[in-house]
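Trainee: Have a look at the structure that comes next, please.
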Ligand SMILES: *Cc1c(COP(=O)(O)O)cnc(C)c1O
């Protein structure tokens with residue numbers, strides 16, 4: 424079978440221009456060529472992140488930096504904001520790192536309430552909060568600005584935000600919102616092959632890291648900062664992926680950030696309209712829907728495995744049949760990365776083509 428075009432919420436479809444960029448000769452990473460490459464990516468990446476500070480490059484998937492943030496920043500106790508598979512797991516990861524951790528848990532499909540965060544932080548004892556901005560498992564986008572404003576009111580509490588599936592798809596302005604660490608893996612909203620993550624680190628977060636014992640080496644934020652000052656990374660980076668990142672950042676700036684945000688809003692609305700047409704409900708509550716993917720509640724009478732299978736065998740498109748404990752009761756369609764109204768329409772037409780065969784007629 425040919426490889427399907429990916430409309431799952433990560434990894435997503437990679438452009439030919441990105442594959443082409445990765446074909447460039449590998450260079451030594453302790454030399455001028457590499458420093459030049461590293462430096463050339465920074466301005467664009469900082470612009471996308473909305474920060475004047477460096478954006479570090481970690482040769483790992485997002486979980487490396489998510490765990491690293493815990494190891495670097497938590498000295499007293501972390502508050503994990505849990506609303507789905509990724510945010511829930513972050514809480515278990517914090518505990519497995521031997522840290523004291525508490526959580527605010529909402530039902531999957533609900534968003535985090537900033538007032539609840541405020542009330543819990545007011546109890547005291549916390550020095551870090553983890554937030555998954557766009558909970559990819561449920562299609563819920565949390566109110567980032569409101570939660571960041573709450574955390575800012577508490578001195579010495581650092582905010583770590585996972586934007587794996589929202590970075591560059593919607594605004595996540597690090598400096599304006601006062602986000603201490605913002606992180607993203609590149610295989611979702613950035614539409615690059617997996618294996619690389621990007622992250623920012625505030626002055627306060629770096630100071631915290633410097634005084635945290637046992638933070639290890641590979642994800643030591645202080646090492647990242649030291650090497651960044653020389654346009655370099657602590658260990659050998661995924662150089663081919665850095666070529667890809669350079670290509671992507673240039674492409675994003677050429678399109679324009681605002682235009683990119685608007686494109687994601689339009690393609691997401693297209694998917695929502697498809698759901699409305701078929702009377703399918705969004706799993707996320709109104710006002711908190713992700714703009715880079717859509718998580719639908721599986722309607723009664725839909726043969727979901729048959730739907731996904733026929734979409735693939737007849738049209739060579741792959742969508743996702745739900746994640747974790749909502750596998751089967753939900754399904755997800757990604758519009759993140761390179762997709763346009765035209766490419767989304769091809770998918771939605773294919774979904775229409777298959778629909779009547781997989782839904783029990785009333
Ligand atoms: C995919 C995803 C992750 C995990 O990324 P890995 O690349 O598997 O480490 C974390 N958070 C969110 C929101 C995700 O969508």
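Residue numbers (the numbering used here): 424 to 785. Cβ atoms here follow ideal geometry from the backbone N, Cα and C, with glycine treated the same way.
What runs of the alpha helix (DSSP H), each 4 residues or longer, lie entirely inside the region 474 to 521?
Mentor: Runs of the alpha helix (DSSP H) inside the region 474 to 521: 485 to 496, 508 to 519.
Trainee: Apart from the five residues on each side of it in sequence, which residues of its chain come closer than 6 Å, Cβ to Cβ, to residue 466?
Mentor: Excluding sequence neighbours, residue 466 sits near nothing in its chain.
Trainee: Is residue 531 near ligand 1 - that is, is its Cβ less than 7 Å away from at least one heavy atom of it?
Mentor: Every heavy atom of ligand 1 is 7 Å or more from the Cβ of residue 531, so no.
Trainee: Return the residue from the list 752, 697, 780, 642 that minimises the CA-CA distance to residue 768.
Mentor: Ranking 752, 697, 780, 642 by Cα distance to residue 768 puts 697 first.
Trainee: If you draw a straight line from the alpha carbon of residue 677 to that of residue 683, how long is it in whole angstroms?
Mentor: Cα to Cα, the separation comes out at about 10 Å.
Trainee: So, for residue 580: in the same chain, excluding its five sequence neighbours on each side, which residues have a beta-carbon less than 7 Å away from its beta-carbon?
Mentor: Correct list, in chain order: 544, 549, 550, 551, 552, 574.
Trainee: Drop a sphere of 10 angstroms on the beta-carbon of residue 538, count the other beta-carbons inside from all chains shown, and report buried for 16 or more, exposed for fewer.
Mentor: By the 10 Å Cβ count, residue 538 comes out exposed.
Trainee: In three-state DSSP terms, what is residue 564?
Mentor: In this structure, residue 564 counts as strand in the three-state DSSP scheme.
Trainee: Within the continuous beta strand (DSSP E) that includes residue 756, where are the two ends?
Mentor: From DSSP, the beta strand (DSSP E) with residue 756 extends over 753 to 757.
Trainee: According to DSSP, is residue 610 part of a helix, a strand, or is it coil?
Mentor: The answer is coil: DSSP assigns residue 610 none of H, G, I, E or B.
Trainee: Hey, residue 478 and residue 485: beta-carbon distance below 8 Å or not?
Mentor: Not closer than 8 Å, so no.
Trainee: Taking the DSSP output, what are the residues bridged to residue 604?
Mentor: Note: residue 604 sits in a beta bridge opposite 583.
Trainee: Can you tell me which residues form a DSSP beta bridge with residue 717?
Mentor: Partner(s): 756.
Trainee: How is the beta strand (DSSP E) around residue 553 delimited, first residue to last?
Mentor: Taken as a continuous stretch (DSSP letters only), the beta strand (DSSP E) holding residue 553 covers 551 to 555.
Trainee: Using DSSP with H/G/I as helix, E/B as strand and the rest coil, what is residue 441?
Mentor: Correct three-state label for residue 441: helix.
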